[in-house]
Each structure stands twice: as C-alpha cells, then as structure tokens.
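Mapping of the sequence shown onto this note's numbering: position 207 corresponds to residue 246, and the numbering continues sequentially without gaps.
Idealized CB from N, CA, C, for every residue including glycine.
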Amino acid sequence: MALHCPVNFDAANLRRQIESMYTRVVEQPDGEFHFHRGERYAIDLLGYSAAELEKVPELSKSCFAGVGNPLLIDILLPGDVVLDHACGAGMDLLLAARKVGPSGYAIGVDMTPAMRTRAVMASQLAGLSHRVDIRDGVYEELPVEDASVDVVISNGVLNLAPDKSRVFREIARVLKPGGRLLLADVVVQRELRNEVRQNPDLWAACVGGALQEAEFFELARSAGFTHARISHRFNCFRGTSAERKVSRDLFLHSLNFFARKGAVC
Ligand SMILES: C[S@@+](CC[C@H](N)C(=O)[O-])C[C@H]1O[C@@H](n2cnc3c(N)ncnc32)[C@H](O)[C@@H]1O
C-alpha cells in the first residue's frame, strides 16, 4: 500500500479535524462545505430511490454525506445482520434496517457524537429503534464481535482513514465467512499532489485521502476478500469547490465496490 498518513499530520489531530468537520455538518447542514450533502444530492447524483427516502426522517437525510450508494451494489436479505462502520446520521443504516426486515438487525458505528445523536433520534422517529443499534467507536477498532455480521456497508469514509489496511482487516474480522462488503468511496486517477494530501480540510472532505482504483483491489485481496468488482461510478463532486480545487484532470469521482470475505481471512 502506497498511501500513508501524510507528512505533517498526526492521526489524533486528523481525527479531531474530521470530528469537527462532521459536527459542523450536523449543526449547519446548509453551510459551506467542499462536498454535497442531503436528500436531493442523494437522489440526483447517486441514484437513491425517492420513494425509499420518503420513509427516512429529515434529520438523518439532511446530514447525509456519503459519496456513492452501497445499497445499489447488492440486495440485502431478510434476516441479514448489517453493519455500517461509520454511519454518520444513519441514512443508509435506516434504509438497510427496513430491507432486512423484522428478523434482521442494523448496527451503526460512528466516532462523532453529534452524528450518533441524529442517528438514534432518526431511528426512533422512523419506528426502527428495535432493530437499530448505534454504537460509539472507530472503524479501526470496531465495537463488534468477530464473525457476527452478514454485510458491511461503507459510504464515503475509507478515504478518511490514515491506515486503510487496518480498516479492511477490521471489516474482515467482523464479517462471517462469505459475508459481503458493499463500499462506496472516492477515487482518483493519479496520485494526488502533496499540497492536496496535506490540506486537512480536503482530507476531511473525503478528497485528500482518496485512493486510486487498483488500491481498492489490493486492499481487499490483502485482507482475504474475493470476488472484488466495481459496480457503479458517480460524479459525486459535480459543481463543488473540491472539484474546482483539485482540478478535473484527476477525474475525481466515486465508485461502488463489492467484495466477499473468503472462507479463511
Ligand atoms: C463523509 S461522512 C459519511 C457518513 C455516512 N456514511 C453517510 O453516508 O452519510 C463521514 C463520517 O465518518 C465518521 N468517521 C470518520 N472517521 C471515523 C472513524 N475512524 N471511525 C468511525 N467513524 C468515523 C465521521 O464521524 C462522519 O460521521
């Protein structure tokens, strides 16, 4: 893996910066950011179903800051246990909780308290709190048992991790053998310039830590995943200041990525 924590960043500092950025998303969802948020964006640029989103409370949708649409990648089955390993305000989590039905379960982990509060309130408003469990934690060290989850969903968060191999190993640890990873993340066509990698705002905006396509496959393979494939691509930064700052020739966009945990990881 070529990508390390950038020079001049220490991981604790980076985490504080990320937490402060996403607390601001909760407090000022209509504020100025390098990235899109909310329901209209999810429908227009990421292909979310307007009908399904009608059943998700606004206080969750307004803080949605994903970059793709993991639930388009594969179907969730009734009874599945699903984990969103950085669930934010819970939009994907609540959509998943409906899909797995009364015999299924949806666990959301996030490190930002303001996001978790939104996710808890939204699950209560949606009448889904009996099958949704929001936990405080980080995806580098998930508060989830080994081999207990059928599906991990991930939307716009792998790029935020300084140690992406560790995040993949944690996903592999909590998935059952044969379990599925439905991941959406930002992708760049060329290695980013150092000044982009070192800009904490662009890192926290899901740009500075973005991978190249081949690196997703390499991370998945190293963590013992098989059947890796890209299923969709999105122009998730269309019209944002991130697109202008990072320049279009990097072809900054996002993808939906599937992988399956092998029998032995
Ligand atoms: C870009 S938002 C995406 C949230 C959600 N997946 C969505 O689609 O709206 C980033 C989220 O990742 C969370 N996050 C960032 N780093 C994390 C980590 N190391 N462990 C857990 N959550 C993290 C932030 O708190 C924030 O809620």
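Validate contact between the region 215–228 and the region 247–256 using beta carbons, cut 8 Å, 3 pairs: yes
Quick check: the region 60–73 against the region 89–105, are there 3 or more CB pairs under 8 Å? yes
Pick helix, strand or coil for Ala41, following the three-state DSSP scheme. Per-residue confidence for Ala41 stands at a pLDDT of 48, beneath the threshold of 50, marking its modelled position as unreliable; the derived number appears in the next sentence. DSSP places Ala41 in coil when its eight states are reduced to three.
DSSP on Gln228, reduced to helix/strand/coil? coil
Are at least three pairs of beta-carbons, each pair with one atom in the region 151–165 and one in the region 190–197, less than 8 Å apart? no
Secondary structure at Asn238, three-state DSSP: helix, strand or coil? Coil.
Please tell me whether, using a cut-off of 7 Å, the distance from the CB of Cys245 to the nearest non-hydrogen atom of ligand 1 is below it. yes
Can Val226 be considered in contact with ligand 1, in the sense that its beta carbon sits closer than 7 Å to one or more heavy atoms? False, no ligand heavy atom lies under 7 Å from that Cβ.
My output table needs one value for Tyr178: the three-state DSSP class, helix, strand or coil. Residue state, collapsed to three classes: coil.
Which same chain residues end up closer than 6 Å to Leu132 when comparing Cβ atoms and leaving out the 5 residues on each side of it in sequence? The residues are Asp123, Cys126, Ala145 and Gly147.
Put Lys284 into one of helix, strand or coil per three-state DSSP. helix
Backbone secondary structure at Thr62 - three-state DSSP: helix
Inter-residue spacing [alpha-carbon to alpha-carbon] between Met160 and Ala135: About 16 Å.
Arg157 in three-state terms, based on DSSP: When DSSP states are grouped into helix, strand and coil, Arg157 belongs to the helix group.
Tell whether a beta-carbon distance below 8 Å holds between Asn274 and Pro109. no
Please check the pair Glu179 and Asp202, which I expect to be a contact at CB under 8 Å, by giving their CB distance rounded to whole angstroms. Going by Cβ atoms, the distance from Glu179 to Asp202 rounds to 7 Å, so yes, they are a contact pair.
Outcome for Thr265 when other beta-carbon atoms lying within 10 angstroms are tallied against a minimum of 16: exposed
Could you pull the start and end residues of the alpha helix (DSSP H) that Ala298 belongs to? No alpha helix (DSSP H) contains Ala298, which is instead part of the beta strand (DSSP E) from His292 to Lys300.
Within this structure, are the beta carbons of Gly118 and Gly140 separated by less than 8 Å? yes
When burial is assigned at 16 or more other CB atoms within 10 Å of the CB, is Pro182 buried or exposed? exposed
What are the boundary residues of the alpha helix (DSSP H) that includes Asp83? Glu78 to Leu85
How would you write the range of the alpha helix (DSSP H) that Ile210 sits in, first residue to last? Lys203 to Val213
Determine the direct distance from the alpha carbon of Leu197 to that of Ser187, and round the result to whole angstroms. 21 Å
What does the alpha-carbon distance come out to for the pair Lys138 and Ala128? 18 Å
Arg157: which of Val65, Asp49, Asn52 and Ser204 sits nearest, CA to CA? Val65
Neighbour-count burial assignment, Gly218, 16 or more Cβ in a 10 Å radius: buried
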